[in-house]
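Before any comments, here is the structure.
There are 2 protein chains.
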Amino acid sequence: MGTSIDTLQELLFDLAGVLPADTAPLFAMTTPVLLETNEAYIREEENSRRLAFIEQGVIRAYTIKENGDEATLLLRWEGQFIASHDTIINRQPSRFIYRALEPVKLLQIDYDVLEEILKTHPEYEPLRNFFLMKMLAESLKMLESFVTQSPEERYRELLAERFDLVNRVPDKYIASMLGITPVSLSRIRKRMHTKGKTST
Amino acid sequence: MGTSIDTLQELLFDLAGVLPADTAPLFAMTTPVLLETNEAYIREEENSRRLAFIEQGVIRAYTIKENGDEATLLLRWEGQFIASHDTIINRQPSRFIYRALEPVKLLQIDYDVLEEILKTHPEYEPLRNFFLMKMLAESLKMLESFVTQSPEERYRELLAERFDLVNRVPDKYIASMLGITPVSLSRIRKRMHTKGKTST
DNA sequence: TGGCGGCGTTAACAAAAGATAATTTAGCAG
DNA sequence: CTGCTAAATTATCTTTTGTTAACGCCGCCA
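These protein sequence lines are chains C and E, in that order.
The first sequence: position 162 = 185 (the numbering used here), numbered continuously.
The second sequence: position 132 = 155 (the numbering used here), numbered continuously.
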């Protein structure tokens, strides 16, 4: 059973040829964190520049709309990073809330500390680039789905690509992430059952 | 009148304290490129890892859907970078077409060449991070607008924030970027004229 | 300058989504 | 096992969007 550190060390080796033995300075500054179901990792208006690798569990990033409704921006799960992009990229208080949907295990580091480490250990730099690019690619892919597909098509694709995730997460959050209401998602599912079971 | 090089040198100085005099190795590898209206910069299935800073003009990134319709993913204009994210991030043939909507002036570099330069000149690294983060923040903001706002609200916001851009670009591309049809955008505009001229 | 073609608008109808509320289902605590 | 609560479904009605087609406007080019 691999730990976060194992995973990240492997990644660092693959990306930059950094041997696990040479990653001590990086991992010395990380802290393990546990969240219980429904616990907030980052709250609205918070300014902390924490960055975490998810070892286990699912975290939901959402915002509260003017009318009081929640809107889920994205879900992150094991093997991904989670951080307040408002705070890290724009140095603004987080407009989003990051909350565990399940018990979560994190490996955490402060972004400013990470930056210091990167100054003295530029060999870790590929790790940052890798995750930035990965997140950018993911965001663009989601964006693409909004301009090319209908809500039903987006849902079908999500089912096809992340069936496990859809089953771990309440439908209402999935709906919100697809840009529709839970009622609408329910109707889509009904349509899918009756009519075309075939697809994508 | 500032050139691309001036702008980028300024950015490099602000971000990393690199003096303009020390940026020669970087700019030695760049090429100016001119595109005329409607000329494609990157075509579908293309594998080139070109990266360009837009000095003047607007470029549209779009894909052709299964039904033959076009879907505009994003628009980029002067001061921004343009590149095939499929090709640079995932080393896949571009699924998008990048085409000039106006006469365009670019400052181009090959990404692989840039990577080589970054190995010997890590002091330029902040530039890459800056643009990656900037693009990520932009993508997430657009994504946010899809989960929190209606098409009409997205249009109003686009008008409020990028009025100049909306006026430079044909409505049908704006509509597609908002995830709706040109017919629908036309109705939204009609609604806005008659009813609420106020607000966000 | 006359015609052609693309773009935006409008119209008419079908399909889908939003809002609200009632009802059923399901997960969890005691 | 029972009961409570939240989530999901269903129903009804309204609003918005999609689809297709017609029409007018304008720019461009022969």
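Think of the CB as a built atom: it goes at the ideal place given N, C-alpha and C, for glycine as much as any other residue.
Because the structure is a prediction, the values reported are computed rather than measured.
At the level of alpha carbons, what is the spacing between residue i and residue j?
i               : j               : result
S222 of chain C : R179 of chain C : Any reading at S222 of chain C needs caution, since the residue's pLDDT is 37, under 50, leaving its predicted position unreliable; the model's value is listed next. Going by the C-alpha atoms only, they are around 8 Å apart.
G202 of chain C : D194 of chain C : 12 Å
E68 of chain C  : V206 of chain E : 39 Å
S209 of chain E : T143 of chain C : 55 Å
F36 of chain E  : I197 of chain C : 44 Å
A63 of chain C  : I120 of chain C : 7 Å
A94 of chain E  : R191 of chain C : 32 Å
A106 of chain C : T217 of chain E : 43 Å
S168 of chain C : F169 of chain E : 11 Å
M156 of chain E : Q79 of chain E  : 22 Å
Y147 of chain E : F153 of chain E : 10 Å
D45 of chain E  : P149 of chain E : 15 Å
L58 of chain E  : V41 of chain C  : 42 Å
F186 of chain C : I211 of chain C : 16 Å
R189 of chain E : I28 of chain C  : Per the sequence presented here, residue 189 of chain E reads as Val, with Arg not at that position. Whole-angstrom Cα-Cα distance: 47 Å.
R214 of chain E : R151 of chain E : 43 Å
Q234 of chain C : R177 of chain C : Given a span of 24 to 223 for chain C in the structure shown, any question on residue 234 of chain C remains unanswerable.
Looking at residue i: is its Cβ nearer than 8 Å to the Cβ of residue j?
i               : j               : result
R236 of chain E : R122 of chain E : With chain E running from 24 to 223 in the structure shown, residue 236 of chain E is simply not present.
L129 of chain C : I77 of chain C  : yes
L74 of chain E  : I111 of chain E : yes
V136 of chain C : M52 of chain C  : yes
T60 of chain C  : Q131 of chain C : no
S162 of chain C : L166 of chain E : yes
M200 of chain C : L159 of chain E : no
Using beta carbons (cut-off 8 Å, strictly below), is residue i in contact with chain C?
i               : result
A94 of chain E  : yes
A160 of chain E : yes
Can you tell me where the beta strand (DSSP E) with residue i in it begins and where it stops?
i               : result
A75 of chain C  : 73–79
A63 of chain C  : 63–65
Y121 of chain C : 120–123
K128 of chain C : 127–133
P55 of chain E  : 54–58
Between residue i and chain E, is there a C-beta pair that is closer than 8 Å?
i               : result
T221 of chain C : Low per-residue confidence applies at T221 of chain C: pLDDT is 40, beneath 50, and the placement is therefore not dependable enough to give any value.
L155 of chain C : yes
The alpha helix (DSSP H) with residue i in it runs from where to where?
i               : result
E93 of chain E  : Premise fails: E93 of chain E lies in the beta strand (DSSP E), 93–100, not in any alpha helix (DSSP H).
I105 of chain C : Where I105 of chain C is concerned, there is no enclosing alpha helix (DSSP H), although the beta strand (DSSP E) it sits in stretches over 104–106.
Q32 of chain E  : 27–39
Is residue i a contact residue of the ligand MN, with contact defined as CB to any heavy atom under 7 Å?
i               : result
K213 of chain E : Among the components modelled here there is no ligand, and therefore nothing to report on the ligand MN.
At a Cβ cut of 9 Å, what residues of the stretch 191–208 of chain E count as close to chain C, listed as they run along the chain? S199, M200, L201, G202
Could you list the residues in the stretch 162–183 of chain C with a C-beta less than 8 Å from some C-beta on chain E, going in chain order? S162, L163, M165, L166, E167, F169, V170, T171
Under 9 Å (Cβ pairs) to chain E, residues found in the stretch 96–130 of chain C: L96, L97, H108, D109, I111, I112, N113, R118, F119
Looking at chain E, which residues of the stretch 134–147 of chain C have a Cβ within less than 7 Å of any of its Cβ atoms? P145
Note down, in chain order, all residues in the stretch 81–92 of chain E with a beta-carbon under 8 Å from any beta-carbon belonging to chain C. T86, K88
Interface positions of the stretch 49–61 of chain E facing chain C (Cβ-Cβ less than 8 Å), listed along the chain: none
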